[in-house]
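Number of protein chains: 2
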Amino acid sequence: MSETITLNPGELETLVRRALVASNTSENTAGSVARALVTAECAGQKGHGISRVASYSAQARSGKVDGHATPTLTAVKTATVHIDANHGFAYPAIDLAIETLPALTREHGLSAVGINHSHHSGQAGYHVERLAQQGVIAMMFGNSPQAIAPWGSTTPVYGTNPLAFAAPRKDASPLVVDLSLTKVARGKIMVAAKNDEAIPQGWALGPDGEPTTDPHLALKGTMLPIGDAKGAALAMVFEILAVALTGANFGYEASSFFEAEGDRPGVGQILIAFATDGIRDEGVFADRLEALLGLVASQEGVRLPGTRSQALKQVALKDGVTVSRAILADVQKIASSL
Amino acid sequence: MSETITLNPGELETLVRRALVASNTSENTAGSVARALVTAECAGQKGHGISRVASYSAQARSGKVDGHATPTLTAVKTATVHIDANHGFAYPAIDLAIETLPALTREHGLSAVGINHSHHSGQAGYHVERLAQQGVIAMMFGNSPQAIAPWGSTTPVYGTNPLAFAAPRKDASPLVVDLSLTKVARGKIMVAAKNDEAIPQGWALGPDGEPTTDPHLALKGTMLPIGDAKGAALAMVFEILAVALTGANFGYEASSFFEAEGDRPGVGQILIAFATDGIRDEGVFADRLEALLGLVASQEGVRLPGTRSQALKQVALKDGVTVSRAILADVQKIASSL
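Heads up: the sequence lines are chains A and B, in that order. Numbering that gives the first Met the number 0 applies: residue 0 is where the first sequence begins, and numbers increase by one. Numbering that gives the first Met the number 0 applies: residue 0 is where the second sequence begins, and numbers increase by one.
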């Protein structure tokens, strides 16, 4: 039997929703989480896809995540909004931010929503892409449990800290940039540890601050940031924007996004949107953007950021999404446990 | 005779101002430029310091920079402003942005100023630090002439593209992060080329896209971004914010910041400020920030970003700033050419 199976994304979403509803989560929240996880799965971002269902469900069952929380919104200044995720999943809070930002942005030229008491935000590109589909330029900064040390230290403080950016285009899908500040995803080291395989030099440091190829030591040590001291400084900036402004927990205070026990992670996110006519006419932005992207896309060996994920999503919609049979069986088991 | 000389920063600023006034530049603009260059010199950022006076003066004399331009400000949306630098130096336009942003930010929670028809913005940290001194959190993104290739390409498109961030602190100087997206400053390769010395692997690629240790080939090739594909994607994001939104010139369209001949560079900058009480109470921000910075600063081997520059500025104010005699002689010669 093949290790994978291809199925309809809509059916997969229904199944994931059922698994969450069976795990002490409201219908609305389960729908929001299922959409996010299945979209990431279809986009080839399997680390943010249905592999998360088991740990999400366990956290909702244990109460570490409040599956029945609804996010609460407070207008703060004319162009800024606070959303308290109330220790629920991040996705309903981010959905509410995405509903709120476009009108506010068009009125003021830019606007921001800060979220606290939040959880794993998944594929950050999915969130900003939805804003760009509504015609605004969007950035999102978030934090995650400690992984990166301040440069010179051996103690992790900052998360791997995602950044996503999206811009609407005239006659094409939005441009989407989605990255984290570590040289590689922590998930790659977790896979290597599971398989007891060495990791390349340059991915991580051991607890002693020395480079290591042992994934077990790496998981006890720190992840190397892009650009060394520069990436560590960027990780600090993202913590300040997503956490200090919103009153969330810093990376070093946040519990695991995977384990069902322990305190609530309480991380933060901030979404900032810009109107395409916020500084100059909309046509200036559209023309300038196409000039840049046209030049970049015409270069040999270059692929615009985000295009692989977008192409995979198209394929998934047309031909179905291919998932691991083992992970699917886990989801089915959780869904049938109601 | 020593190759350096120590002098009073105020006297140095007067001298730089005179050199610019002697080079077809208005008193006001010369004052703004002199303050920026001498502040960078005092902060140990000599690449953005008085070494620039000769090329700035030559550009003002040739008319490549309009030394008599005054920036024009247009309120666009309630929280966004456009400033046209009118092909003058960047500093008067950035000064105007810094005057404009704090009140707008306090009213709306955040605000942004986009600048086009601009020039070299120098030490980006100087600009955001002045905003933080007025109590707002600030970010600045800018672009510069082409240096970084889209990942996979051998043709430079994006600038080295500075990012600066500053946050006000309760009882301390602002936190200031100031970095560019290349692994090393282009100036280091220019110095190596001048001295015909090899550069380390990993700084740059030659025109063929292969790693090179030859600084001359490196200057004809591309600078390596931090985090490889990630840094190249960030460079694209900065170009979109600082250029597509403002109607400026992209890195691949911008002429040199050094040469007196050629088209005007016409680059862009965007400054974004956040109120410390934009999302939560001001006390939440202040307390959270101090918790993070206190922890980071307490770690062995760690220095908070920006503290070296701030300490050097203190020393310069007290004991004078040490500059190259050769560069000082150039500035004196230009100043006495009135």
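Glycine included, every Cβ here is placed at the ideal spot set by N, Cα and C.
#1: How long is the line joining the alpha carbons of Y251 of chain B and L303 of chain B, rounded to whole angstroms?
#2: Pop quiz: A184 of chain B and G48 of chain B are said to be a contact at Cβ under 8 Å. What is the actual Cβ separation, rounded to whole angstroms?
#3: From V283 of chain A to A148 of chain A, what distance separates their C-alpha atoms?
#4: So if DSSP puts H81 of chain A in a beta bridge, which residue, or which two residues, is it bridged to?
#5: Is D177 of chain A helix, strand or coil when you go by DSSP?
#6: Are there 16 or more other CB atoms within 10 angstroms of the CB of K317 of chain A, so buried, or fewer, so exposed?
#7: What is the rounded straight-line gap between the Cα of A84 of chain A and the Cα of L178 of chain B?
#8: Please identify the residue among B:G265, B:G87, B:S31 and B:T71 whose C-alpha is closest to the C-alpha of P144 of chain B.
#9: Mind checking the region 287-309 of chain A against chain B and listing, in chain order, the residues whose C-beta falls within less than 8 Å of any C-beta there?
#10: Which residues in the same chain as A53 of chain B place their Cβ atom closer than 6 Å to its Cβ, once the five residues preceding and following it in sequence are excluded?
#11: With distances taken Cα to Cα, identify the nearest neighbour of V64 of chain B among B:V320, B:A285, B:I114 and B:E258.
#12: Look up A29 of chain A in the DSSP assignment and say whether it is helix, strand or coil.
#13: Does the beta carbon of Y125 of chain B sit closer than 8 Å to a beta carbon anywhere in chain A?
#14: Of the residues B:E299, B:S336, B:E10 and B:I271, which one's Cα is nearest the Cα of G361 of chain B?
#15: To which residues of the same chain is S340 of chain B closer than 6 Å at the C-beta, ignoring the five residues directly before and after it?
#16: Which same chain residues end up closer than 8 Å to V75 of chain A when comparing Cβ atoms and leaving out the 5 residues on each side of it in sequence?
#17: Closer than 8 Å, CB to CB, is P149 of chain A near chain B or not?
#18: Taking T245 of chain A as the query, report the chain B residues whose CB atoms sit under 7 Å from its CB, ordered along the chain.
#19: Would you identify the three-state DSSP class for F273 of chain B, choosing helix, strand or coil?
#20: Which value, in whole angstroms, describes the spacing of the CA atoms of V320 of chain B and A334 of chain B?
#21: Is any beta-carbon of chain B found at less than 8 Å from that of G108 of chain A?
#22: Leaving out the 5 sequence neighbours to the left and right, which residues in its chain are closer than 6 Å to L244 of chain B when beta-carbon positions are compared?
#23: In whole angstroms, give me the CA-to-CA distance for H41 of chain B and V236 of chain A.
#24: By alpha-carbon positions, which one of B:S25, B:W150 and B:Q200 ends up nearest to A56 of chain B?
#25: For the region 78-91 of chain B, enumerate the residues whose C-beta is nearer than 7 Å to any C-beta of chain A, in chain order.
#26: Against F256 of chain A, what residues of chain B qualify as contacts under a CB-to-CB distance less than 9 Å, listed in chain order?
#27: Specify the secondary structure class of S323 of chain A as computed by DSSP and reduced to three states.
#28: Considering only C-alpha positions, which residue in the set A:L216, A:A39 and A:A29 is nearest to Q309 of chain A?
#29: So, does the CB of V266 of chain B fall closer than 8 Å to a CB anywhere in chain A?
#30: Can at least three beta-carbon pairs, one atom from the region 187-200 of chain B and one from the region 154-172 of chain B, be found at a separation below 8 Å?
#31: Output, in chain order, the set of chain A residues within a Cβ distance shorter than 7 Å of K229 of chain B.
#32: Tell me A165 of chain B's beta-bridge partners as DSSP assigns them.
#33: Determine the extent of the beta strand (DSSP E) in which T3 of chain B is found, giving its start and end residues.
#34: Alpha carbons only, please: which of A:T5, A:V37 and A:T306 is nearest the one belonging to V175 of chain A?
#35: At a cut of 8 Å, does the region 271-280 of chain A reach the region 102-116 of chain A through at least three beta carbon pairs?
#36: Determine the contact status of L95 of chain B and L72 of chain B, defining contact as a CB-CB distance below 8 Å.
Considering the structure as presented:
#1: As a position in the second sequence, residue 251 of chain B is number 252, starting the count at 1. As a position in the second sequence, residue 303 of chain B is number 304, starting the count at 1. So the two alpha carbons sit approximately 34 Å from each other.
#2: Walking along the second sequence from the start, residue 184 of chain B turns up at place 185. Walking along the second sequence from the start, residue 48 of chain B turns up at place 49. No, A184 of chain B and G48 of chain B are not in contact; Cβ-Cβ is about 13 Å, not under 8 Å.
#3: Residue 283 of chain A sits at position 284 when you count from the first residue of the first sequence. Residue 148 of chain A sits at position 149 when you count from the first residue of the first sequence. So the two alpha carbons sit approximately 41 Å from each other.
#4: Translated into positions along the first sequence, residue 81 of chain A becomes position 82. DSSP links H81 of chain A through a beta bridge to A:T73 and A:G113.
#5: Taking the first residue of the first sequence as 1, we reach residue 177 of chain A at position 178. Strand, per DSSP.
#6: Counting from one through the first sequence, the residue named residue 317 of chain A turns up at place 318. Counting other Cβ atoms within 10 Å of its Cβ, K317 of chain A stays below 16 and is therefore classed as exposed.
#7: Taking the first residue of the first sequence as 1, we reach residue 84 of chain A at position 85. Taking the first residue of the second sequence as 1, we reach residue 178 of chain B at position 179. Going from the Cα of A84 of chain A to the Cα of L178 of chain B covers about 33 Å.
#8: Here the question's residue 144 of chain B lines up with position 145 in the second sequence. Checked all of B:G265, B:G87, B:S31 and B:T71; the closest Cα to P144 of chain B is B:G265.
#9: Against chain B - using a Cβ distance shorter than 8 Å - the residues of the region 287-309 of chain A are R287, L288, A290, L291, L294, V295, Q298, E299, G300, V301, R302 and P304.
#10: Reading the second sequence from its first residue, position 54 is the one you call residue 53 of chain B. Cβ neighbours of A53 of chain B beyond the five flanking positions: D329.
#11: Translated into the one-based positions of the second sequence, residue 64 of chain B becomes position 65. Nearest in C-alpha terms to V64 of chain B, of all of B:V320, B:A285, B:I114 and B:E258, is B:E258.
#12: Position 30 of the first sequence, counted from the first residue, corresponds to residue 29 of chain A. Reduced to three states, the DSSP call for A29 of chain A is helix.
#13: The residue labelled residue 125 of chain B in the question sits at position 126 within the second sequence. So no, Y125 of chain B is outside the interface.
#14: Any property of residue 361 of chain B remains undetermined from this structure, which presents chain B solely from 0 to 337.
#15: Residue numbering for chain B in the displayed model covers 0 to 337; residue 340 of chain B lies beyond these limits and cannot be assessed.
#16: Residue mapping note: residue 75 of chain A aligns to position 76 of the first sequence, counting from 1. Cβ contact annotation for V75 of chain A (same chain, cutoff 8 Å, sequence separation greater than five): H81, in chain order.
#17: Residue numbering aside, residue 149 of chain A sits at position 150 when the first sequence is read from its first letter. For P149 of chain A, the closest Cβ of chain B is nearer than 8 Å.
#18: Along the first sequence, one-based indexing puts residue 245 of chain A at 246. Against T245 of chain A, the close residues of chain B are I278 and R279, in the order they occur along the chain (beta-carbon pairs closer than 7 Å).
#19: Counting from 1 along the second sequence, the entry for residue 273 of chain B is found at position 274. In the structure shown, F273 of chain B sits in a strand (DSSP, three-state: E or B).
#20: For the purposes of this step, residue 320 of chain B is taken as residue 321 along the second sequence, with counting starting at 1. For the purposes of this step, residue 334 of chain B is taken as residue 335 along the second sequence, with counting starting at 1. Cα to Cα, the separation comes out at about 19 Å.
#21: Against the first sequence, residue 108 of chain A aligns to sequence position 109. At least one chain B Cβ lies under 8 Å of G108 of chain A.
#22: The residue given as residue 244 of chain B occupies position 245 in the second sequence. Cβ contact annotation for L244 of chain B (same chain, cutoff 6 Å, sequence separation greater than five): G113, in chain order.
#23: Reading the second sequence from its first residue, position 42 is the one you call residue 41 of chain B. Reading the first sequence from its first residue, position 237 is the one you call residue 236 of chain A. Before going further, note that residue 41 of chain B is Cys rather than His in the sequence given. So the alpha carbons of these two residues sit roughly 25 Å apart.
#24: What you label residue 56 of chain B is simply residue 57 of the second sequence in a count that begins at 1. First, the residue type needs correcting, since residue 56 of chain B is Ser and not Ala in the sequence shown. Per the Cα distances, B:S25.
#25: Across the region 78-91 of chain B, CB contacts with chain A closer than 7 Å involve A78, T79 and H81, in sequence order along the chain.
#26: Residue numbering aside, residue 256 of chain A sits at position 257 when the first sequence is read from its first letter. Those within 9 Å of F256 of chain A in chain B number zero; the least Cβ separation is about 20 Å.
#27: Sequence index remark: in the first sequence, residue 323 of chain A carries index 324 (1-based). In this structure, S323 of chain A counts as strand in the three-state DSSP scheme.
#28: Within the first sequence, numbered from 1, the residue matching residue 309 of chain A stands at position 310. Ranked by Cα distance from Q309 of chain A, the first of A:L216, A:A39 and A:A29 is A:A39.
#29: The count along the second sequence starts at 1 and reaches residue 266 of chain B at position 267. By this cut-off, V266 of chain B is not an interface position.
#30: Not touching, per the Cβ criterion.
#31: Against the second sequence, residue 229 of chain B aligns to sequence position 230. Ordered by position in chain A, the residues that pass the 7 Å Cβ test against K229 of chain B are L178 and I225.
#32: The residue labelled residue 165 of chain B in the question sits at position 166 within the second sequence. According to DSSP, A165 of chain B bridges with B:A137 and B:V175.
#33: As a position in the second sequence, residue 3 of chain B is number 4, starting the count at 1. Run containing T3 of chain B: T3 to L6, per the beta strand (DSSP E) assignment.
#34: For the purposes of this step, residue 175 of chain A is taken as residue 176 along the first sequence, with counting starting at 1. If we check each option's Cα against that of V175 of chain A, A:T306 comes out closest.
#35: Taking one beta carbon from each stretch, the region 271-280 of chain A and the region 102-116 of chain A have 3 or more pairs nearer than 8 Å; the two touch.
#36: Counting from 1 along the second sequence, the entry for residue 95 of chain B is found at position 96. Counting from 1 along the second sequence, the entry for residue 72 of chain B is found at position 73. Closer than 8 Å, so yes.
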